[in-house]
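Take a look at the structure below.
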Amino acid sequence: MKCFAVHSYKGGTGKTTLAANLAVIYARMGHDVVLLELDFQAPSLHTLFGVRGRDAYMNDYLSESATWDDVLVDLGDNYDLDGLLVLGFSNPDVDEIRKQLAKDRKWHMQAISQLLVLKERLRAEGFDYVIFDSAPGVHYSSVNAVVASDFTVVVAKIDNFDFDGSIALIDQLYNPLERRAFMLFNKVVPPLLTGSRPAISTAEEVFKDKAEILGFVPCYCDVPLAMGSEIQALSQPDGPFATRLQQVAQKIAEIDVAAKHGT
Amino acid sequence: MIRAVCILDQGGVCVYSRIYDQSLADPQLMGSLISALSLFSRETMGDELRAIRSGGHLIIVSDTAPITTMVVADRAEDVTSELVDAITLRFLSRYAHIIKRGGELSALREFDAVLDELIPLGKTAGGLIEPRTPLDSLALIDLPADLRDLAVLLLRERELSATDAARSLSVSEVEALEMLHRLVSLGVAGLRMEDGRVVFFL
Ligand SMILES: Nc1ncnc2c1ncn2[C@@H]1O[C@H](COP(=O)(O)OP(=O)(O)O)[C@@H](O)[C@H]1O
Ligand SMILES: [Mg+2]
């Protein structure tokens, strides 16, 4: 089983979009996948998957007021996928989001414990991929996601905010926790990807000794055109966006999770 | 009931302390008091101080250069001279070089594990040490790297014996015990007695 967090320094880099598409791509390939939403500040997966009014959310599982059975839902059949596509949503209710912000250290300790228990459970059940869609930055919930995962996929744009921020995360979060980081550049403006490509060389130079680069995903207008309720890997599995992400999925599949950090 | 064990160096500075009863005075303060009293009794009565009674507690003192061992208990029956000697000898055999040459005192924390062997937790105040801070993911970042896997295991299991930890991490039980005690010393784990064995918890 591979378990990774999709994380970033800033918000809006495309974590949720990429996590959901990667999950669908693996499930289409026949893998059993779990996608857990651990961004409690800006829940979005329910919008993307068109799911409303769940009885129990990840918030409840982490608080131990619901079992993982109550929270997780398999959508694989809905989309005619070969593998399981199991989702755990975070609660989009504004009151709940506010409550989440007021949780103390003890709650977050319990949350990480619950997450680790769930991961072991999913491993025992034979799942192939567990993906955490995390909040940006260094909120407790994001650090918990990083701790519970085997490695981190860092989604960044090609700009200096994200370069500096991602380097800070690598140096001050992933490295101390001995989690390998894999950079995935998203929303790359197409001109940057053609010609002499100096921006790409800069990215390669900046992250040379820091993290492996999984790829560069161009900015496609089709993606926001769907208004956040379309998963390209489902609606246009052979389109350019999904095709690009299939290559990324392949690279992630080749990551050796047994290899220790720094080796 | 034993409430504390402190080891002082020749200057009367407390280099190691294990406080079972959190309501006791600061070990540094107690150390200064004991070393002053000890000097006073030696100079005025020509004898080494063995025990003093203070605030309902009995403080047993044993001078074995270069350290002074101090055990705080309720009654004389709680502390045999064999126990005080055993603490002194085990401490000296491990750390005499650090005390003499002045080294990194944090290494002395490993003595917690030795004390737990010498003094069954049932005989200490409470038989329980509560964690001081939650082991959340930010605390995890600050932990020494060699304790991290154990800390994650403890987070998942919530409580562990040294035997459980040794099995899961494929290390010896002695190593597991030593690491678990370090988590207790850092304040992110607690310990309690259960059916005659020590259980570490969050
Ligand atoms: N490669 C891309 N090209 C164009 N728009 C994208 C791309 N990836 C993501 N987006 C858009 O960016 C916005 C933010 O994406 P989202 O996945 O919610 O980011 P995050 O989860 O990091 O906050 C969404 O409107 C999404 O459709
Ligand atoms: Mg998101």
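So the sequence lines, in the order shown, correspond to chains W and V. When we follow numbering that gives the first Met the number 0, the leftmost residue of the first sequence carries the number 0, and every step to the right adds one. When we follow numbering that gives the first Met the number 0, the leftmost residue of the second sequence carries the number 0, and every step to the right adds one. Don't be surprised by glycine CBs; every beta carbon is placed ideally from N, CA and C.
In angstroms, rounded to a whole number, what distance separates the CA positions of Glu35 of chain V and Val71 of chain V? Residue 35 of chain V sits at position 36 when you count from the first residue of the second sequence. Residue 71 of chain V sits at position 72 when you count from the first residue of the second sequence. Residue 35 of chain V is actually Ala in this sequence, not Glu. Cα to Cα, the separation comes out at about 17 Å.
Report the CB separation of Gly164 of chain W from Tyr8 of chain W in whole angstroms; it is logged as a contact under 8 Å. The count along the first sequence starts at 1 and reaches residue 164 of chain W at position 165. The count along the first sequence starts at 1 and reaches residue 8 of chain W at position 9. The pair is a contact, with the Cβ atoms about 3 Å apart (cut-off 8 Å).
Between the alpha carbons of Thr262 of chain W and Phe150 of chain W, how many angstroms are there, rounded? Position 263 of the first sequence, counted from the first residue, corresponds to residue 262 of chain W. Position 151 of the first sequence, counted from the first residue, corresponds to residue 150 of chain W. Bear in mind that the predicted position of Thr262 of chain W carries a pLDDT of just 37, short of 50, making it unreliable; the figure below should be weighed with that in mind. Taking the straight line joining both Cα atoms gives about 14 Å.
Spatial distance of Ala124 of chain V from Arg181 of chain V (CA atoms): Locating residue 124 of chain V in the second sequence gives position 125, where the first residue counts as 1. Locating residue 181 of chain V in the second sequence gives position 182, where the first residue counts as 1. When rounded, the distance between both Cα atoms is 20 Å.
What number of angstroms, rounded off, separates the C-alpha of Ala19 of chain W from the C-alpha of Leu190 of chain V? Taking the first sequence and counting its residues from 1, the one referred to as residue 19 of chain W is at position 20. Taking the second sequence and counting its residues from 1, the one referred to as residue 190 of chain V is at position 191. Taking the straight line joining both Cα atoms gives about 42 Å.
Nearest by alpha-carbon distance to Ala134 of chain W: which of W:Cys2, W:Thr12, W:Met0 is it? Residue mapping note: residue 134 of chain W aligns to position 135 of the first sequence, counting from 1. Residue W:Thr12 is the option with its Cα nearest to Ala134 of chain W.
Distance cutoff 8 Å, beta carbons only. Does Val198 of chain V sit that close to anything in chain W? For the purposes of this step, residue 198 of chain V is taken as the residue at position 199 of the second sequence. No, Val198 of chain V lies away from the interface with chain W (no Cβ there is under 8 Å from its Cβ).
Below-8 Å beta-carbon distance, Arg166 of chain V vs any chain W residue: Walking along the second sequence from the start, residue 166 of chain V turns up at place 167. So no, Arg166 of chain V is outside the interface.
So what does DSSP say about Ile140 of chain V, is it helix, strand or coil? Indexing the second sequence from 1 puts residue 140 of chain V at position 141. Looking at Ile140 of chain V - three-state DSSP - the assignment turns out to be helix.
Let me know the secondary structure DSSP gives Gly189 of chain V once reduced to three states. Start at 1 with the first residue of the second sequence, and residue 189 of chain V comes out as number 190. Strand.
For Arg155 of chain V, which residues in chain W fall below 7 Å Cβ to Cβ? Against the second sequence, residue 155 of chain V aligns to sequence position 156. The answer, in chain order, is Ser112, Leu115, Val116, Glu119.
Apart from the five residues on each side of it in sequence, which residues of its chain come closer than 6 Å, Cβ to Cβ, to Asn90 of chain W? The sequence position of residue 90 of chain W within the first sequence is 91, counting from 1. Result list for Asn90 of chain W: Tyr56, Asn58, in chain order.
Since Asp119 of chain V meets chain W, which of its residues come closer than 9 Å, beta carbon to beta carbon? Along the second sequence, read from residue 1 onward, the residue named residue 119 of chain V stands at position 120. Sequence check: residue 119 of chain V is Pro here, not Asp. The contacting residues do not exist; Pro119 of chain V stays about 29 Å from chain W at best.
As a quick exercise: from V:Gly186, V:Ala175, V:Ile59, pick the residue whose alpha carbon is nearest that of Ala80 of chain V. Counting from one through the second sequence, the residue named residue 80 of chain V turns up at place 81. Note on residue identity: the sequence assigns Ser, not Ala, to residue 80 of chain V. Closest option to Ser80 of chain V, Cα to Cα, is V:Ile59.
Less than 8 Å between CB atoms is the rule here; does Asp135 of chain V satisfy it with respect to chain W? The residue labelled residue 135 of chain V in the question sits at position 136 within the second sequence. Yes, because at least one Cβ of chain W sits closer than 8 Å to the Cβ of Asp135 of chain V.
Going by DSSP, which residues form a beta bridge with Ala72 of chain V? Taking the first residue of the second sequence as position 1, residue 72 of chain V is located at position 73. BP columns for Ala72 of chain V point to V:Ile1, V:Leu57.
For Leu201 of chain V, which residues in chain W fall below 8 Å Cβ to Cβ? Along the second sequence, read from residue 1 onward, the residue named residue 201 of chain V stands at position 202. Here the neighbours are Met108, Ser112.
Is there at least one non-hydrogen atom of ligand 1 closer than 7 Å to the beta-carbon of Pro189 of chain W? Along the first sequence, read from residue 1 onward, the residue named residue 189 of chain W stands at position 190. Checking every heavy atom of ligand 1 against the Cβ of Pro189 of chain W, none is found closer than 7 Å.
Using a Cβ cut-off of 9 Å, which residues of the stretch 174–190 of chain W contact any Cβ in chain V, in chain order? Pro175, Leu176, Glu177
Met108 of chain W lies in the alpha helix (DSSP H); which residues open and close that run? Here residue 108 of chain W refers to the residue found at position 109 when the first sequence is read from its first residue. Here the alpha helix (DSSP H) through Met108 of chain W covers 104–123.
Are the C-beta of Lys105 of chain W and some C-beta of chain V separated by less than 8 Å? The residue given as residue 105 of chain W occupies position 106 in the first sequence. Closer than 8 Å: yes.
Contact with chain W by Arg147 of chain V, beta-carbon distance below 8 Å: As a working note, residue 147 of chain V is residue 148 in the second sequence. Chain W, which has a Cβ nearer than 8 Å to the Cβ of Arg147 of chain V, makes this yes.
My understanding is that Ile66 of chain V touches Leu91 of chain V, with C-beta atoms under 8 Å, so please give their C-beta distance in whole angstroms. Within the second sequence, the letter at position 67 stands for residue 66 of chain V. Within the second sequence, the letter at position 92 stands for residue 91 of chain V. 7 Å between Cβ atoms; contact.
With 16 other Cβ atoms within 10 Å as the buried cut-off, status of Asp135 of chain V: In the second sequence, the residue the question calls residue 135 of chain V occupies position 136. Buried, since its Cβ has 16 or more Cβ neighbours within 10 Å.
Determine whether the Cβ of Tyr8 of chain W lies closer than 8 Å to any Cβ atom of chain V. The residue labelled residue 8 of chain W in the question sits at position 9 within the first sequence. Tyr8 of chain W does not count as touching chain V.
Is the beta carbon of Ala41 of chain W within less than 7 Å of some heavy atom of ligand 2? Start at 1 with the first residue of the first sequence, and residue 41 of chain W comes out as number 42. Yes; taking the cut-off as 7 Å, the Cβ of Ala41 of chain W has a heavy atom of ligand 2 nearer than that.
Kindly indicate the opening and closing residues of the beta strand (DSSP E) around His6 of chain W. Along the first sequence, one-based indexing puts residue 6 of chain W at 7. Run containing His6 of chain W: 1–6, per the beta strand (DSSP E) assignment.
Relative to ligand 4, is the shortest distance from any of its heavy atoms to the C-beta of Gly49 of chain W smaller than 7 Å? No copy of ligand 4 appears in this structure; the ligands present are ligand 1 and ligand 2.
CA-CA distance, Leu104 of chain V and Leu185 of chain V? Within the second sequence, the letter at position 105 stands for residue 104 of chain V. Within the second sequence, the letter at position 186 stands for residue 185 of chain V. Straight-line Cα distance between these residues: approximately 14 Å.
From Lys122 of chain V to Arg122 of chain W, what distance separates their C-alpha atoms? Here residue 122 of chain V refers to the residue found at position 123 when the second sequence is read from its first residue. Here residue 122 of chain W refers to the residue found at position 123 when the first sequence is read from its first residue. Distance between the alpha carbons of Lys122 of chain V and Arg122 of chain W: 42 Å.
Flag this pair as yes or no: are the beta carbons of Pro130 of chain V and Val170 of chain V separated by less than 8 Å? Taking the first residue of the second sequence as 1, we reach residue 130 of chain V at position 131. Taking the first residue of the second sequence as 1, we reach residue 170 of chain V at position 171. Cβ distance not < 8 Å, so Pro130 of chain V and Val170 of chain V don't count as in contact.
Do you know how far the Cα of Gln40 of chain W is from the Cα of Arg97 of chain W? On the first sequence, residue 97 of chain W is found 98 positions in, with the first residue counted as 1. On the first sequence, residue 40 of chain W is found 41 positions in, with the first residue counted as 1. Between Arg97 of chain W and Gln40 of chain W, the C-alpha separation is close to 8 Å.
Does the beta carbon of Val146 of chain W sit closer than 8 Å to a beta carbon anywhere in chain V? For the purposes of this step, residue 146 of chain W is identified with residue 147 of the first sequence, where counting begins at 1. Chain V, which has a Cβ nearer than 8 Å to the Cβ of Val146 of chain W, makes this yes.
Quick one: is Ile128 of chain V near chain B, going by C-beta distance under 8 Å? Going by chain labels, chain B is absent from the structure shown, which instead holds the protein chains W and V.
Could you confirm whether any beta carbon from chain V is found closer than 8 Å to the beta carbon of Gly261 of chain W? Along the first sequence, one-based indexing puts residue 261 of chain W at 262. Below a pLDDT of 50, predicted positions are generally treated as unreliable, and Gly261 of chain W, at 44, falls in that range; the measurement from the model is reported next regardless. Cβ-Cβ to chain V under 8 Å: no for Gly261 of chain W.
Tyr15 of chain V to Leu168 of chain V, Cα distance in whole Å? Position 16 of the second sequence, counted from the start, is the residue given in the question as residue 15 of chain V. Position 169 of the second sequence, counted from the start, is the residue given in the question as residue 168 of chain V. The straight-line gap from Cα to Cα measures roughly 29 Å.
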